[in-house]
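Asks:
Numbering (the numbering used here), first residue to last: 9 to 421.
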C-alpha cells in the first residue's frame with residue numbers, strides 16, 4: 009500500500025502540459041475521421057494523409073494520459089471504491105448517452121438500420137469492441153466508442169481491486185499488470201466464448217493504461233530533460249508503424265509505444281525540473297527508449313510494406329532531436345510550446361472528451377449533405393466544436409449537479 013502523495017508544487021503547469029497533449033490527441037482523432045468522412049484527401053492529399061493517420065495512436069496516448077490523471081487525482085483526493093466508480097460514471101455517461109441517442113437516430117433514419125436493444129445497451133454500458141465480442145459497435149455512425157469500453161473496464165477493475173481503504177493497492181496493480189501481459193498471448197488466440205474474448209481484449213490492453221499509472225510515480229523517482237523527451241516523442245511514429253503481428257489493433261505494438269513514451273511523459277509531468285545528459289537515474293529510461301529505437305529500425309528495414317523514403321524518414325526523425333543540444337534551438341522550441349502550442353491546445357484538452365465522443369456522428373451527418381467540401385469543412389468545424397463546448401461546459405456539469413443535490417437532500421434530516 010502507498011499513502012496519498014502531497015500536492016505537487018507545479019500542479020497548474022502540469023495540468024496545462026497534459027491538457028495540451030490531450031487536446032492535440034483529440035484534434036488528431038477528429039482530423040483523421042474528418043478526412044475520411046468529408047473526403048478531404050481529394051483536395052489536399054499529401055498534407056491530409058501525412059497528418060490524418062494517427063487516430064489510433066492518439067487513442068493510445070489517451071490511455072496513457074488516463075492512467076496518469078487517475079493516479080494523480082486519486083493521490084490528491086483519495087476516495088472509496090464506490091465513490092470512485094460513481095465519479096467516473098458521472099464523468100463519462102451523461103455525454104456518452106447523448107452521443108448514443110444521436111447515433112441511434114442516425115442509424116435508424118440515415119442508414120435505415122433496425123435498432124437492436126442489446127447493441128444500444130452494449131454501447132451505453134459500454135462493452136462494445138472492434139471485434140464485437142459482447143456488443144457490436146456502430147461502425148457507420150460512431151465507432152470511437154470502442155475505446156470507452158476499455159476505459160470503463162480499467163476504471164471498474166481499479167475500483168474493485170486497486171483501491172483498498174482509500175489507498176492504492178500496489179500488490180493488486182502489479183498483479184493486474186502481469187496478468188495483462190500474459191493475456192496478450194491469449195489475445196491472438198480467438199476463443200469461441202464471447203465473454204473470454206472480451207476479457208482477453210480488456211486485459212491485453214490494460215498494461216498500456218497501467219504504464220500511465222506507473223508514470224505518475226516514476227516522475228518522482230526519475231528525471232527527464234528536453235532531449236530525452238524529444239527523442240522519446242520522435243520515436244513514437246517509428247514504433248507505431250511496426251507490423252509486429254498481423255493484427256491492426258496490436259497490444260504488443262501499443263505497449264511498446266507506451267513504454268517508449270515514458271521519458272516524454274516524465275518530462276511533461278516534471279516541467280521545469282530538467283537534468284543534464286548522463287546525470288541522475290533518468291538515463292535508464294533514455295537507454296530503454298534507445299533500445300526501442302534500435303529494435304524498431306531493424307524491424308522496419310525488413311518490412312516490405314513501406315517504401316525506402318518512408319523508412320528513412322521515420323528512422324532519421326529521432327536523430328534530428330540532437331538539435332536540442334543547441335541552446336538556441338531548445339529555447340525557441342520552449343517558447344513555441346509555452347506561448348503557442350500549450351496556449352492553443354490546453355483549452356481544447358478541457359473539452360477533449362465531448363469532442364472525441366460526439367464528432368463522428370456529427371461529421372457523418374454533414375458528409376451526407378450535397379454541398380461543397382469547403383462548406384462541409386466549415387460546418388463540421390463550427391458544429392463539432394460548438395456542441396462539444398455546450399456538452400462539456402454546461403450539460404455535463406448540470407447533470408452532475410443534479411446528483412450532488414440529490415445526495416445532499418438524502419443526507420439532510
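Each residue gets a CB set at the ideal place from its N, CA and C atoms; glycine is no exception.
This one's a predicted model, so the numbers in the text were calculated from it and none came from an experiment.
1) Using the C-alpha atoms, what's the distance from residue 103 back to residue 399?
2) Judging by CA-CA distance, which residue of 176, 240, 98 is the nearest neighbour of residue 298?
3) Taking the alpha carbon of residue 275 as the reference point, which residue from 223, 303, 318 has its own alpha carbon closest?
4) Rounded to the nearest angstrom, what separates residue 348 and residue 354 at their Cα positions?
5) Classify residue 215 as buried or exposed, calling it buried when 16 or more other Cβ atoms lie within 10 Å of its own Cβ.
6) Are at least three pairs of beta-carbons, each pair with one atom in the region 132 to 143 and one in the region 167 to 174, less than 8 Å apart?
7) Return helix, strand or coil for residue 137, following the three-state DSSP convention.
8) Roughly how many angstroms separate the alpha carbons of residue 388 and residue 365, rounded to a whole number?
9) Looking only at C-alpha atoms, which of 319, 233, 129, 248 sits nearest to residue 69?
10) How about residue 326 and residue 266: do their beta carbons lie closer than 7 Å?
11) In the DSSP assignment, the alpha helix (DSSP H) including residue 87 goes from what residue to what residue?
12) Tell me whether the beta-carbon of residue 304 lies closer than 7 Å to the beta-carbon of residue 246.
13) Would you decide whether residue 227 is buried or exposed? Buried here means 16 or more other CB atoms lie within 10 Å of its CB.
14) Might you give, ordered along the chain, the residues of its own chain that have their beta carbon closer than 6 Å to the beta carbon of residue 382, omitting 5 neighbours on each side?
15) Let me check one thing: in DSSP terms, what residues is residue 171 bridge-paired to?
16) Alpha carbon to alpha carbon, how far is residue 143 from residue 125? Give it in angstroms, no decimals.
17) Give the DSSP-derived three-state secondary structure of residue 160 in the structure shown.
18) Return the chain-ordered list of same chain residues with a C-beta closer than 6 Å to the C-beta of residue 189, the five sequence neighbours on each side being excluded.
19) Could you give the first and the last residue of the continuous alpha helix (DSSP H) run that contains residue 224?
Replies: Put simply:
1) 7 Å
2) 240
3) 223
4) 10 Å
5) buried
6) no
7) strand
8) 14 Å
9) 248
10) no
11) Note, residue 87: premise wrong, no alpha helix (DSSP H); not H, not E.
12) yes
13) buried
14) none
15) 176
16) 10 Å
17) helix
18) 215
19) 202 to 229
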